[in-house]
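Below is one structure, written out as structure tokens; comments come after it.
Protein chains: 2
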Amino acid sequence: MTHMLLSPTPAEVNEFADAYMRGMRSKDNVLVVVGCCCVEYVGRARSMLGWGGRVVIVKSDGSVLVHQKVGGAPVNWQPPDTLVRYRTEAGNGISLFVIYSYRLKPPEKMYVRFKTVDMVSAHRLRDDRTLRIMGAESDIVDRIMGDPGVIEEGLRITDREKQTRSGAIDLFGVDRDHIPVIIEIKRSQPTPSAVLQLKAYVLDHQHRHTGAVRVRGILCAPSMPVMIRTLLTENKLEWRVFKCEFEQVDDAQSTLEEFT
Amino acid sequence: MTHMLLSPTPAEVNEFADAYMRGMRSKDNVLVVVGCCCVEYVGRARSMLGWGGRVVIVKSDGSVLVHQKVGGAPVNWQPPDTLVRYRTEAGNGISLFVIYSYRLKPPEKMYVRFKTVDMVSAHRLRDDRTLRIMGAESDIVDRIMGDPGVIEEGLRITDREKQTRSGAIDLFGVDRDHIPVIIEIKRSQPTPSAVLQLKAYVLDHQHRHTGAVRVRGILCAPSMPVMIRTLLTENKLEWRVFKCEFEQVDDAQSTLEEFT
DNA sequence: CGTGCCAGGTGCCGT
DNA sequence: ACGGCACTTGGCACG
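Chain order of the listed sequences is D and P. Numbering of the first sequence is given in the working numbering, commencing with residue 5 and proceeding in unit increments. Numbering of the second sequence is given in the working numbering, commencing with residue 5 and proceeding in unit increments.
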């Protein structure tokens, strides 16, 4: 089901949007509006965006996305569960089509005002599939639990998501010399705060086991910037560069050839 | 400029996409494709998404966004500066329209394969406006610098973004008793890592000024969960609940009435 | 260009 | 509902 209008009047867009996006039957519908609009947002912050051509998507779950011609992220938006209403407004002589969205917690509202609409379309999307993803942090933790040797020979993992006062330790275990080991895993390049986190876990563990001679802390990440290594060393912590391979050899070359 | 096709064949979409999205003249153009597709992504992670109706946006800066009928975030995407190519593929008997995108750093590729296209449209977006936003963390810092009394009577701010070994202190000053004060500001609910950050700043400052009798650390955020208060207290740190007001009175009531 | 860090972060899963 | 945290985080500012 696809319906659309080219260069509609504000009143026509308004009628169109109401027809396809209101009521229970519109549950699977998505509205796409392309035209010259300005955006006003007030809520956790406040923002203004002047007149310009944008693509706006409204989903029946209440999501509203305003996209400029550049950028991977929407310039303005409302999350799901937002109330959306369509209306026309009289703005000094000319008529405007307005997408008004509002939610209570936190109180936030957004106005998208169109002075011209190039195209509006409504689409019924049939889709029951969910994304299946590999390579999340939990997958890396899985991988290490299944084969602790990738971190260190003789390592034995005893706990996962072990709770401490300062937060949850990703992996907890003992090395070949029975010394406790705390492992913090990052799927992307670690920041100094990851070092602080690990240090806090180690200190917390030492505090709770006053008798323990030593606790090791290992930061495990796909890359390890020099500054991070310095911070780790200063804090008597260790690191392992560990990258899970989801794609084998870098096929950049062969792929690039496809772009000729 | 808006061009579109309803229920085009894969070959027609391919030709359409190439016509409007290739070359320098397409700099301001955006492509919208609505249809039944599946998505394959390989890069920092790997993902698969089965067949279903989606809205796909391709921008001329290389951004690609795949949106399902629900959710505020794209289910799959490529950021700006991605290379995008269009092609047709023969998949067991039927022909497919494929949006293929690729980038080098990090190496990531995504295939969006359409088995049917309900609508494809191309739009020239004229837009030179940028978002003007109020209420960012820097605005809150501005506010406190302009009137330190909102944090504490007699407080005097001396430094902003003061660099330390562990990172940059948002605000640095002295209280009415000339005791140094380190202030960490969060615009949203703070996490334990904010406490660790603040503690690191305080320790670093004490380390550099071995003679200093005392340094105060204050975490300043719009809300302060119990666990955070506990952590702060344990670490001899303080907190202020401080919320900047960008919208005056909560006009939820009057606004809700508009929804009747 | 790498590095660090804020974001109207969003989304997910836990209690 | 609130809290805690990962994310293909994205985006920006700075060395």
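Every residue gets a Cβ at the ideal spot worked out from N, C-alpha and C, and that includes glycine.
request  = Taking F246/D and I155/D to be in contact with their CB atoms under 8 Å, please state how far apart those CB atoms are, rounded to whole angstroms.
outcome  = Residue mapping note: residue 246/D aligns to position 242 of the first sequence, counting from 1. Residue mapping note: residue 155/D aligns to position 151 of the first sequence, counting from 1. Confirmed, about 7 Å.
ask   = Just by C-beta distance, which residues in the region 113 to 142 of chain P are closer than 9 Å to chain D?
value = K113, D122, M123, S125, H127, R128, L129, R130, D131, D132, R133, T134, L135, R136, I137, M138, G139 and A140
query = Taking C-alpha atoms, which residue in S11/D, M231/D, M25/D and L200/D lies nearest to K63/D?
reply = Position 59 of the first sequence, counted from the first residue, corresponds to residue 63/D. Nearest of S11/D, M231/D, M25/D and L200/D to K63/D, Cα basis: M25/D.
task = For N18/D, decide whether its Cβ has a neighbour in chain P, counting only Cβ atoms nearer than 8 Å.
result = Locating residue 18/D in the first sequence gives position 14, counting from the first residue. By this cut-off, N18/D is not an interface position.
task = List the endpoints of the continuous alpha helix (DSSP H) containing N18/D.
result = Walking along the first sequence from the start, residue 18/D turns up at place 14. Element bounds for N18/D: P14 to M25.
request  = Select from D122/D, V43/D, V178/D and H127/D the residue whose C-alpha is nearest the C-alpha of S30/D.
outcome  = Taking the first residue of the first sequence as position 1, residue 30/D is located at position 26. Minimum Cα distance to S30/D is reached at H127/D.
inquiry  = By the DSSP assignment, the beta strand (DSSP E) with I148/D in it spans what residues?
reply    = On the first sequence, position 144 is the one that residue 148/D refers to. Run containing I148/D: none in the beta strand (DSSP E); it sits in the alpha helix (DSSP H), E141 to G150.
message = I need the DSSP call for V178/P, collapsed to helix, strand or coil.
response = On the second sequence, residue 178/P is found 174 positions in, with the first residue counted as 1. Looking at V178/P - three-state DSSP - the assignment turns out to be strand.
task = Within its chain, find whatever has a CB closer than 8 Å to the CB of V199/P; leave out the 5 residues flanking it on each side and keep chain order.
result = Counting from 1 along the second sequence, the entry for residue 199/P is found at position 195. L223, I232, L235, L236, N239 and L241, listed in sequence order.
query = So, does the CB of P196/P fall closer than 8 Å to a CB anywhere in chain D?
reply = Sequence index remark: in the second sequence, residue 196/P carries index 192 (1-based). Chain D, which has a Cβ nearer than 8 Å to the Cβ of P196/P, makes this yes.
Per-residue DSSP class, three states only, for P184/P = Numbered from its first residue, the second sequence carries residue 184/P at position 180. Note: P184/P maps to strand in three-state DSSP.
ask   = In chain order, what residues of the same chain lie with their CB nearer than 6 Å to the CB of I161/D, ignoring the 5 residues before and after it?
value = To locate residue 161/D, count along the first sequence from 1; it is residue 157. Cβ neighbours of I161/D beyond the five flanking positions: M149, P152, L175 and G177.
request  = Please work out which residues of its chain come closer than 7 Å, Cβ to Cβ, to V70/P, disregarding the five sequence neighbours upstream and downstream, and give them in chain order.
outcome  = If you number the second sequence from 1, residue 70/P lands on position 66. Counting only Cβ-Cβ distances below 7 Å, and skipping sequence neighbours, we find V43, R58, V60, P78, V79, N80, W81 and V116.
ask   = Looking at the C-beta of L10/D, does it have a partner C-beta in chain P at a distance below 8 Å?
value = The sequence position of residue 10/D within the first sequence is 6, counting from 1. L10/D counts as touching chain P.
query = With a CB to CB cut of under 6 Å and the five nearest residues on each side skipped, what residues in its chain are close to I173/P?
reply = Counted from its first residue, the second sequence places residue 173/P at position 169. Correct list, in chain order: K166, I186 and Y205.
Residue-chain proximity (P184/P, chain D), Cβ-Cβ < 8 Å = By 1-based counting over the second sequence, the position of residue 184/P is 180. So, not an interface residue.
request  = Grab the span of the alpha helix (DSSP H) containing K113/D for me, first residue to last.
outcome  = Along the first sequence, read from residue 1 onward, the residue named residue 113/D stands at position 109. Careful: K113/D lies outside any alpha helix (DSSP H), inside the beta strand (DSSP E) at E112 to R128.
inquiry  = By the 8 Å beta-carbon criterion, what residues does the region 63 to 82 of chain P contribute toward chain D?
reply    = K63, S64, D65, S67, L69, H71, Q72, K73, V74, G75, G76, V79, N80, W81 and Q82
Three-way DSSP call (helix, strand, coil) for T134/D in this model = Numbered from its first residue, the first sequence carries residue 134/D at position 130. T134/D: coil per DSSP, three-state reduction.
key: Rounded C-alpha distance that separates E267/P from P194/D   = Residue 267/P is absent from the structure shown; chain P starts at 5 and stops at 264.
inquiry  = Between E157/D, E188/D, W243/D and E141/D, which has its C-alpha nearest H182/D's C-alpha?
reply    = To locate residue 182/D, count along the first sequence from 1; it is residue 178. Among E157/D, E188/D, W243/D and E141/D, the Cα nearest to that of H182/D belongs to E157/D.
query = Could you give the distance in angstroms between the alpha-carbon of Q252/D and the alpha-carbon of D143/P?
reply = Here residue 252/D corresponds to residue number 248 of the first sequence, with the count starting at 1. Here residue 143/P corresponds to residue number 139 of the second sequence, with the count starting at 1. Only weak support is given to the placement of Q252/D: the predicted model assigns it a pLDDT of 45, under 50, and the question is left unresolved by the model.
message = Within a Cβ cutoff of 6 Å, which residues of the same chain sit near W243/D, ignoring the five residues on either side of it in sequence?
response = Counted from its first residue, the first sequence places residue 243/D at position 239. Counting only Cβ-Cβ distances below 6 Å, and skipping sequence neighbours, we find L223, M228 and L236.
query = Span of the alpha helix (DSSP H) holding E238/D?
reply = As a position in the first sequence, residue 238/D is number 234, starting the count at 1. From DSSP, the alpha helix (DSSP H) with E238/D extends over V230 to E238.
Ranges of the beta strand (DSSP E) found wholly within the region 22 to 66 of chain D, counting only runs of at least 3 = 33 to 46 and 50 to 63
ask   = How long is the line joining the alpha carbons of Q201/D and S197/P, rounded to whole angstroms?
value = Along the first sequence, one-based indexing puts residue 201/D at 197. Along the second sequence, one-based indexing puts residue 197/P at 193. When rounded, the distance between both Cα atoms is 7 Å.
ask   = With which residues is G221/D paired in a DSSP beta bridge?
value = As a first step, residue 221/D is located in the first sequence; it is residue number 217 there, counting from the start. DSSP output for G221/D lists I186/D as bridge partner(s).
request  = Name, please, each residue of chain D whose Cβ falls closer than 7 Å to the Cβ of G171/P.
outcome  = On the second sequence, residue 171/P is found 167 positions in, with the first residue counted as 1. Chain D residues near G171/P: P196.
key: Whole-angstrom distance between R136/P and D179/P, CA atom to CA atom   = For the purposes of this step, residue 179/P is taken as residue 175 along the second sequence, with counting starting at 1. For the purposes of this step, residue 136/P is taken as residue 132 along the second sequence, with counting starting at 1. Roughly 34 Å separates the two Cα atoms.
H265/D, buried or exposed, once every other Cβ within 10 Å from all chains shown has been counted against 16 = With chain D running from 5 to 264 in the structure shown, residue 265/D is simply not present.
ask   = L260/D to V88/P, Cα distance in whole Å?
value = Locating residue 260/D in the first sequence gives position 256, where the first residue counts as 1. Locating residue 88/P in the second sequence gives position 84, where the first residue counts as 1. Confidence at L260/D is low in this model, with a pLDDT of 48, below 50, so the placement of that residue is unreliable and no value is reported for it.
query = Considering only residues of the same chain and omitting the five flanking positions on each side of R147/D, which have a CB-CB separation below 8 Å?
reply = As a working note, residue 147/D is residue 143 in the first sequence. The residues are V154 and C248.
task = Report the neighbours of A49/P on chain D: residues whose CB is nearer than 7 Å to its CB, in chain order.
result = In the second sequence, the residue the question calls residue 49/P occupies position 45. Those within 7 Å of A49/P in chain D are I137, M138, G139, A140 and F250.
inquiry  = Please tell me whether Q167/D has its Cβ less than 8 Å away from any Cβ of chain P.
reply    = As a working note, residue 167/D is residue 163 in the first sequence. For Q167/D, the answer is no, since every Cβ of chain P falls outside 8 Å of its Cβ.
query = Hey, does V37/D have any beta-carbon neighbour from chain P nearer than 8 Å?
reply = By one-based count along the first sequence, residue 37/D stands at place 33. With 8 Å as the cut-off, V37/D does not count as an interface residue toward chain P.
query = Under a Cβ-count criterion, where at least 16 other Cβ atoms within 10 Å of its own Cβ denotes burial, should A15/D be classed as buried or exposed?
reply = Residue mapping note: residue 15/D aligns to position 11 of the first sequence, counting from 1. Classification of A15/D: exposed, given that the 10 Å Cβ count is below 16.
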